[in-house]
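This report concerns only the one structure given below.
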Amino acid sequence: MARESWHHATRALQLLALDPGLGGICIRARSGPVRARLMEMISPDARRLHPAISDEALFGGLDLSATLASGRMIREKGLLETPCTLVLTMAERATTGLAARLAVALDRSTNHNLIALDEGAEPDECLNPKLAERLAFHVDLSECALQDIIPTTPTAPIALRDVRMPTDLLEQVTRIACDLGIDSMRAPLFALRATRANAALMGRTQITSEDVEIACALTLAHRATRVPEPESQDEEPPAPPPDQNNENQGPEDSLDLPDELLLEAVRAMLPDNLLEQLAAQKARAGRGNGTGAARKGNRRGRPLPSRAGHISDGARIDIIGTLRAAAPWQTIRRNATGRDGLHIRPADIRIKRFEEKSDRLLIFTVDASGSSALTRLAEAKGAVELLLAAAYARRDHVALVAFRGTEAELLLPPTRSLVQTKRRLAALPGGGGTPLAAGMVTAFEQAVQATRRGMTPTIAILTDGRANIALDGRADRKQAATDAQQIARVLRANGVDAIVIDTGNRPEPALRNLAQTLDAAYLPLPRADAQRLSKSVATALGD
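FYI, in the working numbering the residues of the sequence shown are 5 to 547.
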């Protein structure tokens, strides 16, 4: 499989060199000798992009030093003004803004093509999907080693315009894309372009079944959202009657290629963990990647483009940006005032900006009641300890809330101390009633305080679901369930992320309903040990 991935990568680069209208290719591989060998096939004139590249470098802008030296505005060209191959390193870190700018550039011109080098280690660490949609190809060389590299076979390509396309191929490729669950019309159009390019690469003027199979495998397999099952046919379908009007049609008018042959070529390219990858991408799109919200928080991140502003407390002036804004007006201002020197106006002031990121707070809300102690409290403690170790490695804050008897208790306020948290958890006794609503209230109070400090809270509720103590301390199972639902609605209205882990021996319908009210993930984990429990929770949290 690794050798086939290398072959597909080299073929995709050859097709891209023939037809830049294919957009580009996403190469998923860590930096190393395998990727270096593949990059040797790319034109030496290719220009490299960094995920933090500025708009001036992309679209062009003012040449500040030349403008100040000459006294007139001199503009420098951007990378996108000249058609070329662009190589985006660390593509999985590209911001939404950069992905949008590159996508627009690919839409406006078929002379640009993009080589996106994806170095992500997890399924949810990947190229922006909107930008990936503009690229015809995607190859994964993560498992490829040096011994899997095969030499590229030289070819004698012909011009694309000399290749004649069958008239019914577009309809057939669109039907195949629909069977694979692909809802983008770019996919069949890329497949047609790749078919023509492959025929031109092989020096053929007529499209063959091999050209279509290779094109569909390279352009459709990585976009598939479902695996089509092969149709069982007991009898061969009768041959269609000859069409008198088509007797004189040439071989280029119809390829007569069965759909099942193309689907089989695509199935061979589908990854074994397709469903897991789709689930991870869906979780990433809906829940974030678990590293904290990119908003105003308690921690400063990467620099952002400066903006116009006023000098105030805490504001930092971007000197270069201010000079760029003032440079075009220097001649006019000197003539108007009759004074030499540099003229800076309040409207020229540019203020530095930085991306604000918030630390994540995991609030473990653990059921320590008698029913839980008899079933899964030991496994829950072990799972929380494993999750605490992972949170400590990410430098997340953790808090520990336990509910038992008639009330809930904050055993540990938000901290990064792994030793102290494990000590408090080990000493947690079991027994008494299940005041689930009280535990949720205590966790919500901690979440509100964390939000005020600029953190991103997530509540993880570990319980068997047998709530029987109401908020007022009465032993009333019906009122306890009602109180839990009311608190869940409050949590959801305040936008607090949560996850519900059912630790009972059997899934509890009341907990499923509670998770739906919270708009949270629900994980029924009967007969799961601490290791599996912690892995499931970490996956749901996006770690």
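Where is the CB? At the ideal position from N, CA and C, for every residue including glycine.
Note down, in chain order, each residue of its chain lying with its Cβ closer than 7 Å to the Cβ of residue i, except the 5 sequence neighbours on either side.
i      : result
Leu150 : Pro37 and Val38
Leu174 : Pro192 and Leu196
Gly436 : Ser373, Gly374, Arg408 and Gly409
Pro133 : none
Ala485 : Ala471 and Ala514
Ala107 : Lys134, Leu135 and Arg138
Asp523 : Arg496
So residue i is in the alpha helix (DSSP H); what residue range does that whole segment cover?
i      : result
Leu404 : Element bounds for Leu404: not the alpha helix (DSSP H) but the beta strand (DSSP E), His401 to Arg408.
Asn517 : Pro513 to Leu522
Leu495 : Arg481 to Ala497
Asp59  : Asp59 to Phe63
Ile463 : Looking at the DSSP string, Ile463 is not in any alpha helix (DSSP H); the run it does join, the beta strand (DSSP E), is Thr460 to Thr467.
Ala219 : Ser213 to Leu224
Thr326 : Ile323 to Ala330
Arg68  : The sequence given here has Leu at residue 68, not Arg. That run of the alpha helix (DSSP H) goes Leu68 to Ser74.
Can you name, in chain order, every residue of its own chain whose Cβ lies under 8 Å from the Cβ of residue i, other than the five neighbours on each side?
i      : result
Arg357 : Pro307, Leu308, Pro309, Ser310 and Arg311
Met94  : His54, Pro55, Leu121 and Glu123
Ala451 : Leu365, Ile367, Pro461, Ile463, Leu495, Asn498 and Val500
Leu414 : Ala403, Leu404, Val405, Thr446 and Gln450
Pro87  : Pro24, Ser113, Asn115 and His116
Would residue i be called buried (16 or more neighbouring beta carbons within 10 Å of its own) or exposed?
i      : result
Cys130 : buried
His226 : buried
Asp476 : exposed
Asp111 : exposed
Ile186 : buried
Asp247 : Per-residue confidence for Asp247 stands at a pLDDT of 49, beneath the threshold of 50, marking its modelled position as unreliable; no derived number is given.
Leu346 : exposed
Asn339 : exposed
Asn115 : exposed
Gly443 : buried
Val216 : buried
Arg15  : buried
Verify the contact flag: residue i, CB atom, against every heavy atom of the ligand GTP, threshold strictly below 7 Å.
i      : result
Pro513 : Ligands are entirely absent from the displayed structure, and the ligand GTP is therefore not among its contents.
For the beta strand (DSSP E) containing residue i, name the first residue and the last one.
i      : result
Asp371 : Arg364 to Asp371
Ile503 : Asp501 to Asp506
Thr419 : Glu411 to Thr419
Val143 : Phe141 to Asp144
Asn117 : Asn117 to Asp122
Thr86  : Taken as a continuous stretch (DSSP letters only), Thr86 belongs to no beta strand (DSSP E), as it is neither H nor E.
I'd like the list of long-range same chain contacts for residue i, defined as Cβ closer than 6 Å, with 5 residues on each side in sequence excluded.
i      : result
Cys148 : Ala6, Ser9, Trp10 and Val38
Val91  : Ala50, Arg52 and Ile119
Gln483 : Ala474
Val177 : Pro192 and Ala195
Glu512 : Gly469 and Asp506
Ala4   : For residue 4 there is no data in the structure shown, the boundaries of the chain being 5 and 547.
Gly325 : Ser310 and Arg354
### Query
Which parts of the region 23-53 are runs of the beta strand (DSSP E), unbroken and 3 residues or longer, counting only runs that do not cross its ends?
28-32 and 51-53
### Query
Any chance the region 188-201 sits against the region 164-179, with 3 or more Cβ pairs inside 8 Å?
yes
### Message
Does the structure place the region 21-34 close enough to the region 63-74 that three or more beta carbon pairs sit under 8 Å?
### Response
no
### Query
Can you list, in chain order, the stretches of the beta strand (DSSP E) that have 3 or more residues and sit fully within the region 145-222?
none
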